[in-house]
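Numbering (this note's numbering), first residue to last: 311 to 789.
Data block below; observations after.
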Ligand SMILES: [Zn+2]
């Protein structure tokens, strides 16, 4: 199996916060889970750097747009190192490789692109036009800011031509949207019949020259959403001299887009329509995660409750952040609090998981067997059932439920040790079962805390179902 796994590319008009970190980490957990299953995986993210909003954000800070974008890109790219993200590619939409692919794509769609006049209301924060009916009092429904009236000549994409086909693909789950609630929402938007052709360029003066110019028409730049969505293709080398990754992972692989719930329309309607026009395969899976509130409030700069990477990393190991975020519900809004974070870190990661591993190591250190036959385990069926159950939840992206199975396993093993007094009995079948349970624990938790699990695995040697008890030297961790 081949999997192409992506996050949405964050718009770099501000610094990364917990919302971005969450999406990056859950997508990384899924990528690592897939690799452990033996899949060939390409995991990609990047930064969305075009658009009029970028020019405005730079101006507000008295900065040159290019310098501002470079500075913010760096902050996002550094998350890779900080949270141990197993990214294979990080694409920037101001790069040459991206531009080449965007031009190729535009040409493939050119029969569906026409020049027209746009006369309407625009929200710069959304980078989107609104109909009067969609925005009462001409106030943006998302940003609560007054819309600006624009009249200009733009290129349009014949979105309406593909709506029936997109609808059918979603209905038949050929494009599968998780959770089902979001699938229904999108189908309702299409059925309402209000979607019009999409304006896909902007006046170059209004965007102050920032953006990808339309080929052969230097009065226009390409609409930021139209170019941004194409990162999923250009990151794989689409349009370059070597399209082998694109061929391998897009055309012959299964696509998984992880996105937030505010941008479903772009991914589930616009992008598939664009791909149909270009005669390129549509993505198979769109996984829509919900939003985070902070101590009951919406994340907002004005409220000053934005949580950055440093807020976490100055107090906790990075794996604690990965661990905590995986335990939150993906398909519901959830509330972050430092108390809760600390409870999960102290209570589950340190107490339930790390202590159990140390406890098992303590037992193995004190036994005199040089070899333990793992076929003597009496937990085989039980462990297998837990693992199957865990995989089913992971395959449905319900990471928090999958990890509640993990927690059950940890507690069960602790009970088993107590009940059988394994540290005294030193019974071979008990030890065999214990080591098997430990291996499953490592397998389940590796996507969350890969560095620690790697260290633990280094202490273990197993050959043909025989555990070789060399001296374990492993020291306590997560102090
Ligand atoms: Zn808006």
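Where is the CB? At the ideal position from N, CA and C, for every residue including glycine.
- The alpha-carbon of residue 642 is positioned some 13 Å away from that of residue 597.
- Shortest gap from the CB of residue 452 to any heavy atom of ligand 1: under 7 Å.
- Checking the DSSP bridge columns, you'll see residue 316 partnered with 354, 567.
- Counting only runs of 3 or more residues that sit fully inside the region 625–653, the beta strand (DSSP E) segments are 644–646, in chain order.
- The nearest non-hydrogen atom of ligand 1 is 7 Å or more from the C-beta of residue 509.
- DSSP, read as helix, strand or coil, puts residue 603 in strand.
- Secondary structure note for residue 711: its alpha helix (DSSP H) is the uninterrupted segment 709–730.
- Of the residues 743, 484, 437, 453, the one whose Cα lies closest to the Cα of residue 690 is 743.
- In this structure, residue 338 sits away from residue 312, with a CB-CB distance that is not shorter than 8 Å.
- For the 8 Å CB-CB criterion, residue 547 and residue 556 form a contact.
- Each residue's CA atom was taken as its position, placing residue 329 and residue 688 some 43 Å apart.
- For residue 419, the shortest separation between its Cβ and any heavy atom of ligand 1 does not lie below 7 Å.
- With contacts defined as CB atoms closer than 8 Å, residue 524 and residue 465 qualify as a contacting pair.
- By the C-beta criterion, the region 582–597 is judged to be in contact with the region 405–418, since at least 3 inter-stretch pairs fall below 8 Å.
- A straight line joining the alpha-carbon of residue 748 with that of residue 319 spans about 37 Å.
- Counting C-beta atoms within 10 angstroms of its own C-beta, residue 672 has fewer than 16 neighbours from the protein chains shown and is therefore classed as exposed.
- Its Cα nearest to that of residue 693, the residue 723 stands out among 622, 619, 723.
- Ranked by Cα distance from residue 467, the first of 580, 714, 358 is 580.
- Taking C-beta atoms as the reference points, residue 457 and residue 477 fail to come closer than 8 Å.
- Checking the 7 Å criterion, the Cβ of residue 443 is out of range of every heavy atom belonging to ligand 1.
- Counting only runs of 3+ residues, the beta strand (DSSP E) found wholly inside the region 529–579 occupies 564–570, in chain order.
- For residue 462, the enclosing beta strand (DSSP E) starts and ends at 458–467.
- In the three-state scheme derived from DSSP, where H, G and I count as helix and E and B as strand, residue 393 is classed as coil.
- In the three-state reduction of the DSSP assignment, residue 691 falls in the helix class.
- Counting the other CB atoms within 10 Å of its CB gives residue 782 a total below 16, which places it among the exposed residues.
- Under a 10 Å Cβ-count criterion, residue 321 is classified as buried, with 16 or more other Cβ atoms of the shown protein chains found around its own Cβ.
- Taking the C-beta atoms as reference points, residue 356 is found no nearer than 8 Å to residue 521.
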